[in-house]
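Colleague: Chains as they are written, first to last, in the working numbering: chain A, 5 to 192; chain B, 5 to 192.
Using N, Cα and C, we set each Cβ at its ideal position, and we do this for glycine too.
Before we start, here is the structure in question, set down as structure tokens.
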DNA sequence: ACCAAATCGTCAGTGTACTGTTCGATGTTA
DNA sequence: TAACATCGAACAGTACACTGACGATTTGGT
């Protein structure tokens, strides 16, 4: 079919025209968990944007809203720990969300270094709407798996994420753990 | 909606000190596959950087080397399809790798729009070294799972990635598929 | 009370991952 | 051959995800 019409080129021919040059090539890559996880992540994000197009938020912003709904008023570092991203990223995301009116930031009177983050009414409403859309994202994402497989898959993911948590560069830090000494929340 | 009402600061206390304010809070988030996948991805990347610190490459650059080792001389778009990222990203990554001497880019004489990407000697050597490091990454990443679980986990990931491939914003495009008409490689 | 260590938030810098647009080269077709 | 649609690559713009450093602040030890 194609092929004979470009004989001119001295040799744009592959340097390694081995047996692996056909389609399944680079096969090793396609069985690497790391690469597969990256692709699943891409798909997950794409589905999120598709289902949540009306809300104009990102998966990370959704995570912030979700974490904040249950831990309103925490500082940025704690929030970063709850959503598992680092301080700088958290600061940027919070800034954009504040500009969008989804959050409010107030300087703490207890510790003047801290800024406490609060979810606003619009933020809370958006979260409620987004929750159903996110439901659909998970449904489509796990579409290829049956019920039992989904359970197992989620279990595997949770174990990998939890047992390797400290290996991450932005570990999950549930409220009440870590080196937090005092907090603007939870006077207990 | 949210004003500069922080002047008074009567209470830096959470607005919703409900029953969910303790540690397991925002529990829904922590069972969402999308969020778990994101965290596993973070961990995978962190492990990669740890194990491959000596090589000064990123996971994506490793994917490029791996894909190119089996499909040398493809154009940037095809390469993007093989490694599952989009054109722009591919162009940027290739540019950095060319500067690092891992790849070479040559204008195609067949189609003057195209630039064919070739892996260099140093690139090939680095790939060989990185392969063993990547082996260790997978070992540590899947550490929490036993043999059978690893098999199943990888199978689930592969099915999700493959069956949802077209939903991704940067789908995998094996050589020989897609709308490629003619190619500088694989004259067959 | 003082000082060293630890923290919070921010800034600068790098790299990945997209969207959308533009522009030149191509090839197809009328 | 002259319009047409298409395609590869580059550019501009947005958002995330880090590292390392820094100023302001707070705390812990003495």
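Near residue 176(A), what residues of its chain come up, given a Cβ to Cβ distance below 6 Å and the 5 sequence neighbours on each side ignored?
Modeller: These residues qualify, in order along the chain: 88, 169.
Colleague: Please say whether residue 124(A) and residue 104(A) have beta carbons closer to each other than 7 Å?
Modeller: No, these two residues do not count as a Cβ contact at 7 Å.
Colleague: Starting from residue 121(A), follow the alpha helix (DSSP H) in both directions and report where the run begins and ends.
Modeller: Taken as a continuous stretch (DSSP letters only), residue 121(A) belongs to no alpha helix (DSSP H), being part of the beta strand (DSSP E) at 119-123.
Colleague: For residue 75(A), count the other beta carbons within 10 Å of its own beta carbon; 16 or more makes it buried, fewer makes it exposed. Which is it?
Modeller: Its Cβ being crowded by 16 or more others within 10 Å, residue 75(A) is buried.
Colleague: What's the gap between the Cα of residue 143(B) and the Cα of residue 167(A)?
Modeller: Going by the C-alpha atoms only, they are around 14 Å apart.
Colleague: For a quick check, are the C-beta atoms of residue 85(A) and residue 122(A) less than 7 Å apart?
Modeller: For residue 85(A) and residue 122(A), no; Cβs fall outside 7 Å.
Colleague: Below 7 Å between beta carbons is the criterion; list the residues of the stretch 30-46 of chain A that meet it against any residue of chain B, in chain order.
Modeller: Flagged, chain order: 30, 32, 33, 35, 36, 37, 38, 39, 40, 41, 42, 43, 44, 45, 46.
Colleague: Could you say if the stretch 95-104 of chain B and the stretch 47-64 of chain A meet the contact criterion of at least three C-beta pairs nearer than 8 Å?
Modeller: The answer is no - the stretch 47-64 of chain A does not touch the stretch 95-104 of chain B, with fewer than three Cβ pairs under 8 Å.
Colleague: Per DSSP, which residues does residue 145(B) bridge with? Please list them.
Modeller: Looking at the DSSP assignment, residue 145(B) forms no beta bridge with any residue, so it has no partner.
Colleague: With distances taken between CB atoms, is the gap from residue 44(B) to residue 161(A) smaller than 7 Å?
Modeller: Yes; because the gap between Cβ atoms is below 7 Å, this pair is in contact.
Colleague: In terms of residues, what are the limits of the beta strand (DSSP E) holding residue 109(A)?
Modeller: Here the beta strand (DSSP E) through residue 109(A) covers 107-111.
Colleague: Report the three-state DSSP secondary structure of residue 79(B) (helix, strand or coil).
Modeller: Strand.
Colleague: Between which two residues does the alpha helix (DSSP H) holding residue 56(A) run?
Modeller: Looking at the DSSP string, residue 56(A) is not in any alpha helix (DSSP H), and its letter there is neither H nor E.
Colleague: Could you check the C-alpha separation between residue 29(A) and residue 83(A) for me, to the nearest Å?
Modeller: At residue 29(A) the pLDDT is 42, less than 50, meaning the model places this residue with poor confidence; the figure from the coordinates comes in the next sentence. The alpha-carbon atoms of residue 29(A) and residue 83(A) are separated by roughly 43 Å.
Colleague: Got a sec: is the Cβ-Cβ distance from residue 57(A) to anything in chain B below 7 Å?
Modeller: No - not a single Cβ of chain B is within 7 Å of the one on residue 57(A).
Colleague: Is the distance from the Cβ of residue 150(A) to the Cβ of residue 118(A) below 7 Å?
Modeller: Going by C-beta atoms, residue 150(A) is not nearer than 7 Å to residue 118(A).
Colleague: Would a check of beta-carbon distances place residue 80(A) closer than 7 Å to chain B?
Modeller: With 7 Å as the cut-off, residue 80(A) does not count as an interface residue toward chain B.
Colleague: By DSSP, does residue 177(B) sit in helix, in strand, or in coil?
Modeller: Three-state DSSP puts residue 177(B) in coil, outside helix and strand.
Colleague: Quick one: is residue 37(B) buried, meaning 16 or more other Cβ sit within 10 Å of its Cβ, or exposed?
Modeller: Buried is the call here.
Colleague: Pick helix, strand or coil for residue 165(A), following the three-state DSSP scheme.
Modeller: Correct three-state label for residue 165(A): helix.
Colleague: In chain order, what residues of the same chain lie with their CB nearer than 8 Å to the CB of residue 131(B), ignoring the 5 residues before and after it?
Modeller: For residue 131(B), where only same-chain residues beyond five positions count, the Cβ hits under 8 Å are 66, 69, 70, 73, 123.
Colleague: Please report the distance separating the alpha-carbon of residue 91(B) from that of residue 156(A).
Modeller: Between residue 91(B) and residue 156(A), the C-alpha separation is close to 35 Å.
Colleague: If the cut-off is 9 Å on Cβ atoms, which residues from the stretch 70-104 of chain A count as contacting chain B, listed in chain order?
Modeller: Those would be 70, 71, 72, 73, 74, 75, 76, 77, 78, 86, 87, 88, 89, 102, in chain order.
Colleague: So is residue 158(A) in contact with chain B if we call contact Cβ pairs under 7 Å?
Modeller: Judged by the 7 Å Cβ criterion, residue 158(A) is in contact with chain B.
Colleague: Does residue 267(B) get closer than 7 Å to chain A when you measure Cβ to Cβ?
Modeller: Nothing about residue 267(B) can be reported from this structure: the residues present for chain B run from 5 to 192 only.
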